[in-house]
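Reviewing the structure listed below.
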Amino acid sequence: MKLFTIGPVEMYPSTKIIRDKGFVHFRSNEFSEIVNFSLSKLSSLLGNSVKNSLIYLSASGTAAMEATVENCMDDNDKALVINGGAFGHRFCELLKYHNIRFDSIDLKWNEELTKEHLLPYENKDYTSLFVNIHETHTGQLYDIKMLSDFCKRNNMYFIVDAISAFLADEYDMEKYGVDLTIISSQKGLCLSPGCAFVSFSKKMIDKINSKDKVSSKYFDFKDYLINIPRGQTPYTPPVCIMYELQDMLNIIEREGGKDGRLRNVKAKCEYFRKKAKEIGLKIPNYPLSNMLTPVEFDDDTNAYDVIQVLKDKYKIFVNPCGGDMANKLLRVSHIGNTTTDDIDNLIEKLQLSINEVKEKELIYDRK
């Protein structure tokens with residue numbers, strides 16, 4: 109079995125066996141030392157030098173998205189959302205659920221975000237911009253500098269879901285003036301699912317501390333920020349994942365740090381796209397993340413059926429695309445422990461799967 113999925117991804121051997129090695133109780137100095145070391149390294153990878161500004165939650169990325177809305181928005185705020193797919197839409201749903209005023213820039217699935225989309229929203233008293241900097245649903249990578257400049261001009265908090273961009277594309281909180289970043293364990297970090305991380309600027313920490321009370325006790329960021337200097341969380345942390353994180357950070361360091369990891373992912377991405385085009389696969393033209401490649405199919409081939417053949421016949425997993433694009437698009441991840449040999453095998457089996465689906469559909473049409 110081989111995973112070319114967006115998350116969980118194909119984990120590294122040394123990370124996979126962490127759970128078999130055993131670990132200390134989390135309310136101990138030994139565990140606190142692991143947490144403090146790992147979060148310091150992770151903050152550096154995120155480009156955030158603010159001390160004790162990174163917390164972690166026993167939760168999914170969506171939980172961290174909702175906790176961000178709960179802790180960082182109130183009745184005085186008015187948000188703007190880049191809504192270019194399922195995950196941009198999720199921010200819209202969360203803001204609506206928590207009765208926060210917002211507007212959204214709604215993009216068609218193959219529509220590139222440009223400066224022209226932002227022009228109608230200049231100087232309109234928005235307090236925050238929410239964006240999934242890589243819209244995982246479509247594969248589009250938004251221009252972070254363009255959005256950063258927009259937030260600076262309009263004195264807005266810049267809130268970024270970098271869950272599927274982190275460690276695949278260039279990302280630096282201080283360089284781009286990001287006030288809050290959300291990432292999760294099962295994507296670029298190549299860990300087990302179940303842990304989300306939230307990193308704050310000093311300005312955002314001040315905003316969080318200015319709120320009297322949030323709607324969730326479990327996800328009260330102030331409580332996490334109080335506990336994190338001692339390497340602890342208010343409630344039970346994802347202990348195994350923190351051990352996995354320590355191992356993965358060592359792997360990244362051996363690769364040459366963040367730059368080495370980005371080169372590695374980019375090389376696999378470019379190799380796959382080259383091979384995919386050689387067999388006639390169609391890749392959208394909008395700006396793409398190095399994290400994944402969306403493959404678009406014509407009406408004569410059902411993308412979902414191709415995915416099923418890959419899985420059932422060849423034990424290779426790629427990502428489907430939900431909603432209106434379920435039969436039109438599949439997505440191939442370039443993160444995780446995969447090689448060019450694995451990609452060659454994927455391309456070969458992908459071509460065989462496409463041929464099989466086309467043949468079945470041709471037989472059905474004849475009937």
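At position 298 of the sequence shown the residue is numbered 406 (our numbering), and the sequence of numbers has no breaks.
Note that CB positions come from ideal geometry on N, CA and C, so glycine has one too.
- In the DSSP annotation of this structure, the continuous segment of the alpha helix (DSSP H) that includes K283 starts and ends at M281 to Y284.
- Considering only E378, T222 and N207, the residue with the shortest C-alpha distance to F258 is T222.
- Between the stretch 159-168 and the stretch 299-310 there are three or more C-beta pairs closer than 8 Å, enough to call the two in contact.
- Fully contained in the stretch 264-325 are the following beta strand (DSSP E) runs of length 3 or more, in chain order: 265-269, 288-292 and 304-308.
- Excluding sequence positions up to five before and after T246, its CB lies within less than 7 Å of the CB of G192, G193, W217 and P402, all in the same chain and listed in chain order.
- Counting every other CB atom within 10 Å of its CB across the protein chains shown gives I462 a total of 16 or more, marking it as buried.
- Here E361 is exposed, its C-beta having fewer than 16 other C-beta atoms within 10 Å.
- I252 and N398 have their C-alpha atoms spaced approximately 15 Å apart.
- Looking at T409, D408, L454 and K390, the one whose alpha-carbon comes closest to that of K419 is L454.
- Per the coordinates, the alpha-carbon of D233 lies some 18 Å from the alpha-carbon of M254.
- Secondary structure of V440 (DSSP, three-state): strand.
- Judged by beta-carbon spacing, I359 lies within the 9 Å limit of S122, meaning their Cβ atoms are closer than that value.
- Here the alpha carbons of T448 and D214 stand approximately 37 Å from one another.
- Relative to Q416, the option among G431, E404 and L438 whose CA is nearest is L438.
- Annotation: the continuous beta strand (DSSP E) that includes K186 extends over K186 to N191.
- The closest CA to that of D314, considering only C180, N137, V117 and D128, is found on C180.
- When C-beta atoms of the stretch 166-176 are compared with those of the stretch 326-333, three or more pairs fall below 8 Å, so the two segments count as touching.
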